[in-house]
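Have a look at the structure below, then the notes.
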Amino acid sequence: MLLITGANGALGKLVAEELADRDDVVLGTRTPRSTTERRIDFDDPSSLDLTGVETLLLISAGYGEDDVVLARHEAAISAAEKAGVRHVVYTSLSGDGDHLPFALAHRWTERRLTRSPLSWTVLRNGLYAEFLAAVAAPTDDGTITAPLGDGRLAAVAREDLAAVAARVVAEPGAHAGKVYELVGEEPLGGDDVAGAVGGRYRPSSLAAAREAISSAGAALPFQVPMLVGTYSAIAAGFLDGGAIADNALPGLLGRTPTSALDVYRASVAR
Numbered sequence: 001m002l003l004i005t006g007a008n009g010a011l012g013k014l015v016a017e018e019l020a021d022r023d024d025v026v027l028g029t030r031t032p033r034s035t036t037e038r039r040i041d042f043d044d045p046s047s048l049d050l051t052g053v054e055t056l057l058l059i060s061a062g063y064g065e066d067d068v069v070l071a072r073h074e075a076a077i078s079a080a081e082k083a084g085v086r087h088v089v090y091t092s093l094s095g096d097g098d099h100l101p102f103a104l105a106h107r108w109t110e111r112r113l114t115r116s117p118l119s120w121t122v123l124r125n126g127l128y129a130e131f132l133a134a135v136a137a138p139t140d141d142g143t144i145t146a147p148l149g150d151g152r153l154a155a156v157a158r159e160d161l162a163a164v165a166a167r168v169v170a171e172p173g174a175h176a177g178k179v180y181e182l183v184g185e186e187p188l189g190g191d192d193v194a195g196a197v198g199g200r201y202r203p204s205s206l207a208a209a210r211e212a213i214s215s216a217g218a219a220l221p222f223q224v225p226m227l228v229g230t231y232s233a234i235a236a237g238f239l240d241g242g243a244i245a246d247n248a249l250p251g252l253l254g255r256t257p258t259s260a261l262d263v264y265r266a267s268v269a270r
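In the numbering used here, the protein residues as written are 1 to 270.
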């Protein structure tokens, strides 16, 4: 049996679609609605029943302070050990992301897996092209004001990461002990994304971005420094993919990766 955590999230749904022809896939969700779903709530360790699971796709349970995320991942890995799960595939963060405010939980989880008796594979995902569309969306007049500076982001299409995850969990033994870097091959800067929507690039400052995020009221308190720190890392040139020595995305996909710029353009048009 293969269990996918976070099955209601965007990445989990895409992986499930990739594996739709398999009859041994169970979707882990807080609110199961069918016999193919099982209640999996990282904040309730008593719900983490992994009986019968051979392969676990552990999709990072972010969106929380570090202590919360670490507790969630610890509960999931401990439950996998207790239930005799054979292999855990974890969706982590690309190696060039160590300057990001949310990197710590990913690196801790990787270390936790390497110290576990479980067989494991780490998928170090780059930031989504869809995420770039959210944080660098054009204004009504087409202006991109995101403070990206002269930096670029090796963004990757979420559907490509889902396809890779599906391929790895389908044959986990072939990927045991592997850490795969998965980033985009066409790093995008402010001028690129502005050109994609027929706009112009006029970056604001980090301080202005922080004020805009805070005043909008949509972000939780812990998310504000995360978003501003992400802008800062992009602007400083740490996320352009240049530090990734071996990008495994094309090889594991078995095809040309989806254009991140096309994904960006389609996402902002919705």
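Where a beta carbon is used, it is the ideal one built from N, C-alpha and C, also for glycine.
Member of V135, A165, L93 whose CA lies at the smallest distance from the CA of L2
Walking along the sequence shown from the start, residue 2 turns up at place 2. Selected option, being the one with the closest Cα: A165.
The segment 111-118 in contact with the segment 84-98 per 3-pair CB rule at 8 Å:
yes
Which whole runs of the beta strand (DSSP E) in the segment 38-75 are 3 residues long or more, in chain order?
55-59
Leaving aside the five residues before and after D66 along the sequence, list all residues of the same chain whose C-beta is less than 7 Å from its C-beta, in chain order.
Taking the first residue of the sequence shown as position 1, residue 66 is located at position 66. Counting only Cβ-Cβ distances below 7 Å, and skipping sequence neighbours, we find L104, A105.
Thinking C-beta only, is A155 closer than 8 Å to Y128?
Taking the sequence shown and counting its residues from 1, the one referred to as residue 128 is at position 128. Taking the sequence shown and counting its residues from 1, the one referred to as residue 155 is at position 155. For Y128 and A155, yes; Cβs fall inside 8 Å.
Which of the three DSSP states, helix, strand or coil, is assigned to V197?
Position 197 of the sequence shown, counted from the first residue, corresponds to residue 197. Reduced to three states, the DSSP call for V197 is coil.
Can you name the start and end residues of the beta strand (DSSP E) that S119 belongs to?
The residue given as residue 119 occupies position 119 in the sequence shown. S119 -> beta strand (DSSP E) spans 119-125.
Say whether the segment 188-204 touches the segment 261-269, bearing in mind that this needs 3 or more beta-carbon pairs closer than 8 Å, one atom from each stretch.
yes
Which residue from P45, D23, V268 puts its Cα closest to that of G198?
Looking up residue 198 in the sequence shown gives position 198. When only C-alpha atoms are compared, the closest one is V268.
In chain order, each alpha helix (DSSP H) run of at least 4 residues that lies wholly inside the segment 124-149
129-135
The segment 133-140 touching the segment 176-185, judged by at least three CB pairs closer than 8 Å
no
For S46, count neighbouring Cβ atoms within 10 angstroms of its own Cβ and tell me buried if that reaches 16, exposed if not.
For the purposes of this step, residue 46 is taken as the residue at position 46 of the sequence shown. Taking a 10 Å sphere around the C-beta of S46, we find fewer than 16 other C-beta atoms and assign the residue as exposed.
Mind checking which residues open and close the beta strand (DSSP E) that includes V183?
Counting from 1 along the sequence shown, the entry for residue 183 is found at position 183. Segment: none, V183 is in no beta strand (DSSP E) and carries neither H nor E.
Could you round the C-beta distance between I59 and G95 to whole angstroms and report it? I think they count as a contact, below 8 Å.
In the sequence shown, counting from the first residue as 1, residue 59 sits at position 59. In the sequence shown, counting from the first residue as 1, residue 95 sits at position 95. About 19 Å separates the two Cβ atoms, so there is no contact after all.
Taking 8 Å as the threshold (C-beta atoms), are V53 and E37 in contact?
As a first step, residue 37 is located in the sequence shown; it is residue number 37 there, counting from the start. As a first step, residue 53 is located in the sequence shown; it is residue number 53 there, counting from the start. No. Outside cutoff.
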